[in-house]
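Residues in the sequence shown are numbered from 113 upward in steps of one, following my numbering. Below: one structure, written as structure tokens.
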Amino acid sequence: MQTQPSTQPTNQSLNPNIKRKPDTLTKITINKFMKNKLAVIGAVLLFIIITLALFAPLIAQFEPQKQSLLNKLQTPGGEHWLGTDRYGRDVFARILYGARVSLLVGFASVAGSITIGTVIGAVAGYFGGKIDAVLMRIVDVIISIPTIFLLITLVTIFQPGVDKLILIFALTGWTFTARLVRGEFLSLRTREFVLASKTIGTRSHTIIFSHILPNAMGPIIVSATLGVGGVILAESALSYLGLGIQPPTPSWGNMLQDAQNFTIMLKHWWYPLFPGLMILITVLSFNFVGDGLRDALDPKTLD
């Protein structure tokens, strides 16, 4: 006796009455970011640059500070993939080690400035009143001082160095984040979940850092991403002027400073070209990623 195949619908069959499980906010954000081609390209380039910087000792065939006057200003090719500088140092090795310095200054400086700006902006936005007025006037005073003048003055006082540059950038770059976080807190402090926390007697610091701050992380992340590119560009500019990372420690900025000679730029094009390209590609990549994150984290565009 043959049995008829079951025609009862199963969990795997299509059923118009079964609703698809909605995507999570994280998945939606990732999907929106992946749709931004420039942001994806920037993320891939940053991954490559960071990987090369981390594994520079394994990738570079030469020491970045090793001089060989017999091999100075060699064209790219052979043992020296990107040529040599006027002291015979391998340009490729110096670019890799320079990436470590530039990225360290960028990430560490932004970590410090984001922390300072977030704390000050959160306190100003949450408490308001006189505290807000005093803190924002301090921000206004710092913003009114030309950035490049302030950086040059501080670097001249404290003397150039990686640790000092990180400290200077952290202490001068927090104002934008402070205003951004303050605006977010002014908007969020009147929400129902904040009022409910106050009603049950939750302490202010718990409300600030446990309830409001997680809801303001989107703009902070975008600010941090864009800030790293700006710090790398500023460090390169200071090093180019001779006020940043000092030789023989390699950085992209002091490589350009070392090549600021008309004859070198005209006849030995690779010397200034490659560090300049690295600055351009890295800063653009951070900007592309920052723009992509800004669009992906914008709640008005989430669908």
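Even for Gly, the Cβ is constructed at its ideal location relative to N, Cα and C.
Check whether the Cβ atoms of residue i and residue j sit closer than 8 Å, and answer yes or no.
i       : j       : result
Phe-281 : Ala-346 : yes
Val-217 : Val-267 : no
Leu-166 : Val-401 : no
Val-203 : Phe-386 : yes
Tyr-352 : Gly-342 : no
Arg-291 : Val-251 : yes
Trp-381 : Leu-194 : no
Met-367 : Gly-210 : yes
Ala-234 : Ile-320 : yes
Thr-394 : Ile-344 : yes
Restricting to Cα atoms, I'd like to know which of the options is closest to residue i.
i       : options                               : result
Ile-160 : Gln-372, Met-367 and Leu-208          : Leu-208
Ala-336 : Phe-305, Phe-398, Glu-304 and Ala-371 : Phe-398
Arg-206 : Leu-396, His-323 and Pro-360          : Pro-360
Quick check: the Cα distance between residue i and residue j, rounded to an integer number of angstroms?
i       : j       : result
Ile-130 : Leu-279 : With a pLDDT of only 48 at Ile-130, under the threshold of 50, the placement of this residue in the model should not be trusted, and no figure is reported.
Pro-188 : Ala-172 : 15 Å
Val-253 : Gly-313 : 36 Å
Gly-229 : Val-293 : 8 Å
Asp-403 : Ile-142 : 14 Å
Thr-104 : Thr-265 : Since the first residue of the chain shown is 113 and the last is 415, residue 104 is not available in this structure.
Ala-223 : Thr-289 : 11 Å
Ile-80  : Arg-301 : Since the first residue of the chain shown is 113 and the last is 415, residue 80 is not available in this structure.
Ile-140 : Lys-147 : 11 Å
Phe-261 : Ser-309 : 45 Å
Leu-126 : Met-248 : Confidence at Leu-126 is low in this model, with a pLDDT of 48, below 50, so the placement of that residue should be treated as unreliable; the coordinate-derived value is given next. Answer to the nearest angstrom: the Cα atoms are 58 Å apart.
Leu-392 : Lys-242 : 43 Å
Ile-324 : His-192 : 53 Å
Phe-239 : Ser-322 : 16 Å
Ile-269 : Gln-177 : 27 Å
Asp-407 : His-317 : 30 Å
Apart from the five residues on each side of it in sequence, which residues of its chain come closer than 6 Å, Cβ to Cβ, to residue i?
i       : result
Ser-225 : Ala-282, Gly-285 and Trp-286
Gly-339 : Val-222
Leu-298 : Gly-237
Leu-414 : Here the model assigns Leu-414 a pLDDT of 48, short of 50, so the residue's position is not dependable and the matter cannot be decided.
Looking only at its chain, what residues have a beta carbon closer than 7 Å to the beta carbon of residue i, apart from the 5 residues adjacent to it on each side?
i       : result
Gly-354 : Gln-369
Ile-162 : Leu-215
Pro-331 : Leu-292 and Glu-296
Leu-456 : Lying before the first or after the last residue shown, residue 456 is absent from the chain, which here runs from 113 to 415.
Arg-212 : Ala-165 and Ala-168
Phe-305 : His-323
Between residue i and the rest of its own chain, which residues show a CB-CB distance below 8 Å, the 5 nearest in sequence each way excluded?
i       : result
Leu-277 : Val-217, Ser-221, Val-267, Glu-347, Leu-350, Gly-356 and Ile-357
Gln-179 : Tyr-199, Gly-200 and Arg-201
Ile-333 : Leu-405 and Leu-409
Leu-150 : Phe-400, Asp-403 and Gly-404
Thr-196 : Ser-180, Asn-183, Lys-184, Leu-185, Gln-186, Asp-202 and Val-203
Phe-219 : Val-340
Val-152 : Phe-145, Met-146 and Gly-404
Could you check how far apart the C-beta atoms of residue i and residue j are, in whole angstroms? I think they sit under 8 Å.
i       : j       : result
Gly-237 : Glu-296 : 7 Å
Pro-384 : Ala-371 : 4 Å
Gly-154 : Leu-396 : 7 Å
Please confirm whether residue i has its beta-carbon closer than 8 Å to some beta-carbon of chain D.
i       : result
Ile-257 : The chain inventory of the structure shown lacks chain D, comprising one protein chain alone.
Going by the C-beta, is residue i closer than 7 Å to any heavy atom of the ligand GDP?
i       : result
Gly-273 : Looking at this structure, you won't find the ligand GDP or any other ligand, since it has none at all.
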